Amino acid sequence: MNNTVEMNSNLIEENDTNEKKLKKKSKYKSKLSKIKEQRQLYLLLLPAFILTIVFKYIPMYGILIGFKDYNPLYGITGSEWVGFKHFMKFLTSPNFIDIFMNTLKLSIFSLIISFPIPIIIAIMLNMVRSKTNKKNIQLILYAPNFISVVVVVGMLFILLSPTGPINQLVTIFTGEPIMFMSDPKYFRTIYILSGIWQGAGWSSIIYVAALANVSPELHEAALIDGANIFQRIRHIDLPTLKPLMVISFILAAGGIMSIGFEKAYLMQTSMNIPTSEIIATYVYKQGLQAGDYGYSTAIGLFNTIINVILLLTVNKVVKHINEGEGL
């Protein structure tokens, strides 16, 4: 009796394993058949995939430089392993707190002030009924994005110089010019406001596209019900933009420590360094100017780790607050 029970149980187990194998084979075949059907699309993706591997993943091998006393003559493998020496050097550096706080303040202020502007622009553009006027306004708003950062900073130096047009107006009221580009207290304000002027219009494109999909009948119905403009924005426009706003905020907050190097470095002077020296400019100076590649790589890696932690944290918080919405 026991033997028959054991045989039956063995047969059942064999049947189960066979069924699982068949399911796996069928899934594998279905995946292969889908790939074969869509092979042209995969071929189109192939160049982008190869470029991503070559220029994004293979260079990650260079992370090892941050853990070595790197010497170009010996290469990465031949250089002496020093572990976390460079990380400790940066964390215990007298400049660490100032550089870290400068980066954090500039990034947070930029995010807080800059983030809502494209949304406001998109909502205002959506209210323009004349197509001609709308296109002209969009052209004016989008054009600054195509101006090089070098040109923008050059314009800032000309406009804000002691003899520039802005200081000529200031001199009329105060009697003396303000050293905008050399005074540390003005650096963040100039950086953020010029960034808004250059990028806010272009950043509003995705929000404008989202609002274009809103049915005009919703606004017409709201008008019939007596809703004013602010009520329509709150109950129609903002709920439409909410998913995009969430994703944009997560990505922006995740890259909070990766504020642009070019503009900060170009705006930097010997006088405004107390506020303009950020991690990106410090890495450039230590790596390319001082030739301390191991130390600069370690600082860059530290910055990346902070960004990843921020991205995961913000994403988790947003998902918790907005019931699963996030990346």
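Start counting the sequence shown at 1; every next residue gets the next number (the UniProt record's numbering). Using N, Cα and C, we set each Cβ at its ideal position, and we do this for glycine too. Please read these numbers as outputs of a predicted model, since none were measured by experiment.
Where residue i sits in the DSSP three-state scheme
{"i": "E80", "result": "strand"}
{"i": "D237", "result": "helix"}
{"i": "D183", "result": "coil"}
{"i": "D69", "result": "strand"}
{"i": "G201", "result": "helix"}
{"i": "G287", "result": "helix"}
{"i": "D225", "result": "coil"}
{"i": "G175", "result": "coil"}
{"i": "I273", "result": "helix"}
{"i": "L160", "result": "coil"}
{"i": "D98", "result": "helix"}
{"i": "S33", "result": "helix"}
{"i": "I147", "result": "coil"}
{"i": "M155", "result": "helix"}
{"i": "Q268", "result": "coil"}
{"i": "G260", "result": "coil"}
{"i": "Y74", "result": "coil"}
{"i": "Q40", "result": "helix"}
{"i": "F109", "result": "helix"}
{"i": "T313", "result": "helix"}
{"i": "S248", "result": "helix"}
{"i": "N167", "result": "helix"}
{"i": "R188", "result": "helix"}
8 Å contact criterion, which residue i and residue j should meet: CB distance rounded
{"i": "I63", "j": "L301", "result": "6 Å"}
{"i": "I256", "j": "L310", "result": "6 Å"}
{"i": "V153", "j": "M267", "result": "6 Å"}
{"i": "R39", "j": "L106", "result": "Not quite, the Cβ-Cβ distance comes to about 48 Å (not below 8 Å), so this is no contact."}
{"i": "I250", "j": "V208", "result": "Not quite, the Cβ-Cβ distance comes to about 21 Å (not below 8 Å), so this is no contact."}
{"i": "G83", "j": "F96", "result": "Their Cβ separation, rounded to whole angstroms, is 19 Å, which puts G83 and F96 out of contact at 8 Å."}
{"i": "N303", "j": "S258", "result": "7 Å"}
{"i": "L244", "j": "A210", "result": "6 Å"}
Buried versus exposed call for residue i [16 or more other C-beta atoms within 10 Å across all chains shown]
{"i": "F90", "result": "buried"}
{"i": "V283", "result": "buried"}
{"i": "Y295", "result": "buried"}
{"i": "E277", "result": "buried"}
{"i": "H86", "result": "buried"}
{"i": "A143", "result": "exposed"}
{"i": "F230", "result": "exposed"}
{"i": "A48", "result": "exposed"}
{"i": "F100", "result": "buried"}
{"i": "T103", "result": "buried"}
{"i": "Y74", "result": "exposed"}
{"i": "V150", "result": "exposed"}
{"i": "T275", "result": "buried"}
{"i": "Q289", "result": "exposed"}
{"i": "V5", "result": "Model confidence at V5 stands at a pLDDT of 45, short of 50, so the residue's coordinates are unreliable; what they give is reported in the following sentence. Per the 10 Å Cβ criterion, exposed."}
{"i": "E213", "result": "At residue 213 the sequence reads Asn, which differs from the Glu that was named. Flag for N213 reads exposed."}
C-beta contact flag for residue i and residue j at 8 Å
{"i": "A298", "j": "A280", "result": "no"}
{"i": "E80", "j": "D69", "result": "yes"}
{"i": "N136", "j": "Q198", "result": "no"}
{"i": "S194", "j": "L156", "result": "yes"}
{"i": "residue 332", "j": "Q138", "result": "This structure does not reach residue 332, given that the chain is present from 1 up to 327, and the question cannot be answered."}
{"i": "N307", "j": "D183", "result": "no"}
{"i": "S114", "j": "I190", "result": "no"}
{"i": "M179", "j": "P165", "result": "no"}
{"i": "I108", "j": "Y293", "result": "no"}
{"i": "Y42", "j": "I53", "result": "no"}
{"i": "I123", "j": "I233", "result": "yes"}
### Task
Could you say if the region 106–121 and the region 202–213 meet the contact criterion of at least three C-beta pairs nearer than 8 Å?
yes
### Message
With three or more beta-carbon pairs closer than 8 Å as the criterion, would you say the region 234–245 touches the region 214–223?
### Response
yes
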